[in-house]
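Residue numbering for the sequence shown follows our numbering, starting at 18 and increasing by one per position.
Here a beta-carbon is modelled for each residue, glycine too, at the ideal position from N, C-alpha and C.
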Amino acid sequence: MNFEKAEAPVNSSPIRSEPSRRFSVAPMMDWTDRHCRFFLRLLSKNALLYTEMVTTGALLNGDHERFLRHNEAEHPLALQLGGSVPLDLAACARMAQEHGYDEVNLNVGCPSDRVQNNMIGACLMGHPQLVADCVKAMQDAVSIPVTVKHRIGINGRDSYAELCDFVGTVRDAGCTSFTVHARIAILEGLSPKENRDIPPLRYDVAAQLKADFPELEIVLNGGIKTMEACHEHLQTFDGVMLGREAYHNPYVLAEVDQQLFGSSAPVISRAEALAQLRPYIAEHLLAGGAMHHITRHVLGLGTGFPGARKFRQLLSVDIHKAKDPLALLDQAAELLEGR
Numbered sequence: 018m019n020f021e022k023a024e025a026p027v028n029s030s031p032i033r034s035e036p037s038r039r040f041s042v043a044p045m046m047d048w049t050d051r052h053c054r055f056f057l058r059l060l061s062k063n064a065l066l067y068t069e070m071v072t073t074g075a076l077l078n079g080d081h082e083r084f085l086r087h088n089e090a091e092h093p094l095a096l097q098l099g100g101s102v103p104l105d106l107a108a109c110a111r112m113a114q115e116h117g118y119d120e121v122n123l124n125v126g127c128p129s130d131r132v133q134n135n136m137i138g139a140c141l142m143g144h145p146q147l148v149a150d151c152v153k154a155m156q157d158a159v160s161i162p163v164t165v166k167h168r169i170g171i172n173g174r175d176s177y178a179e180l181c182d183f184v185g186t187v188r189d190a191g192c193t194s195f196t197v198h199a200r201i202a203i204l205e206g207l208s209p210k211e212n213r214d215i216p217p218l219r220y221d222v223a224a225q226l227k228a229d230f231p232e233l234e235i236v237l238n239g240g241i242k243t244m245e246a247c248h249e250h251l252q253t254f255d256g257v258m259l260g261r262e263a264y265h266n267p268y269v270l271a272e273v274d275q276q277l278f279g280s281s282a283p284v285i286s287r288a289e290a291l292a293q294l295r296p297y298i299a300e301h302l303l304a305g306g307a308m309h310h311i312t313r314h315v316l317g318l319g320t321g322f323p324g325a326r327k328f329r330q331l332l333s334v335d336i337h338k339a340k341d342p343l344a345l346l347d348q349a350a351e352l353l354e355g356r
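Below is the structure:
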């Protein structure tokens, strides 16, 4: 099976309906690349997948084909953009639509110093009208949905009134779907990693936002780890987004279709998922790629059973000295038999 030929060419994407955001996997830098997304799609056919954040500068001034490259199997698929210049974001949104993406999302949540210096990410919460201008420019440029992912506040602008001002201003520009990471972002003194753990989760603030903006689609992000928690939050919110848990314990996605989308298909096993990934890996090797480009994303399949540690060792350590990578993959697969 030739996976490379399945990738979406420019200007030939099929017309798609708006994706469901009932369950999604968060955009995560260095993690949710195209190989990771292909693997996650084997576990759930319905989860909405997001790219890593791609800056407008990278698309407009770099190799945009490399950044936008994806496999048709990854759909439903959203591109997350980082930027704050409306015209640049509009141009990049057009690229997303031309390359077949189902949604384009604006990052208003990343707290790193590097993106702050370029007016990208969470610092934009202090500039609601600019975000509104960006959203409107993007919506005017494309027919696919334009959404926003943001925090519940930033230090110095963390009151509920200011959060409502932000959401209301961006709503008035035409945005109807907001993914809310239910923590504030501390823009000075905390690393991006610390910003994912130290500010407390405030689901109550996100719930109040949904109550006060009932007409908007509000998707909850932050600290969600289990299907039970998904069911609980879906009593209040329109969707849930999992981040680190979906990466470190990807098998949590295996029951998403059955539990959240009413699928009657059997739940895929760990062994079946790896078996279905094997031809994709073989194709990548034939194209000159390294197996660890893909298998680094599947280490989380080795969780919570005898032999799990050996599984992870084979695909994270031994893989770098293997003369026959596929034989090593098959050895790792044997440890998943019956699981």
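With 16 or more other Cβ atoms inside 10 Å of its own Cβ, ASP119 counts as buried.
Across the structure, ILE311 and GLN293 are spaced so that their CA atoms are roughly 13 Å apart. The beta strand (DSSP E) runs lying completely inside the stretch 54 to 90 and spanning 3 residues or more are 65 to 72, given in chain order.
Counting along the chain, the unbroken beta strand (DSSP E) around VAL236 starts and ends at 234 to 238. When C-alpha distances from VAL152 are compared across LEU180, VAL121 and MET136, the shortest belongs to VAL121. Across the structure, GLU234 and ALA199 are spaced so that their CA atoms are roughly 15 Å apart.
Under the rule that a run must span 4 or more residues, the alpha helix (DSSP H) segments found entirely inside the stretch 247 to 295 read 261 to 265 and 273 to 278. The Cβ neighbour count for ILE203, taken over all protein chains shown within 10 Å, is at least 16; the residue is labelled buried. Counting only residues of its own chain and dropping the five nearest sequence neighbours on each side, ARG329 has a CB closer than 8 Å to the CB of LEU316 and GLY319. SER333 is bridged by DSSP to nothing; it lacks a bridge partner. It is roughly 20 Å from the alpha-carbon of GLU354 to the alpha-carbon of SER61.
For GLU120, the three-state secondary structure derived from DSSP is strand. In the DSSP assignment, THR196 is bridged to LYS166 and VAL236. Counting C-beta pairs closer than 8 Å gives fewer than three between the stretch 223 to 239 and the stretch 270 to 289, which falls short of the contact rule. DSSP links VAL42 through a beta bridge to LEU66 and LEU259. PRO145 and VAL187 do touch by the CB rule: their CB atoms are close to 6 Å apart, below 8 Å.
In this structure, GLY117 lies away from HIS167, with their beta-carbon atoms at least 8 Å apart. Below 8 Å, too few C-beta pairs join the stretch 50 to 58 and the stretch 247 to 255 to call them touching: fewer than three.
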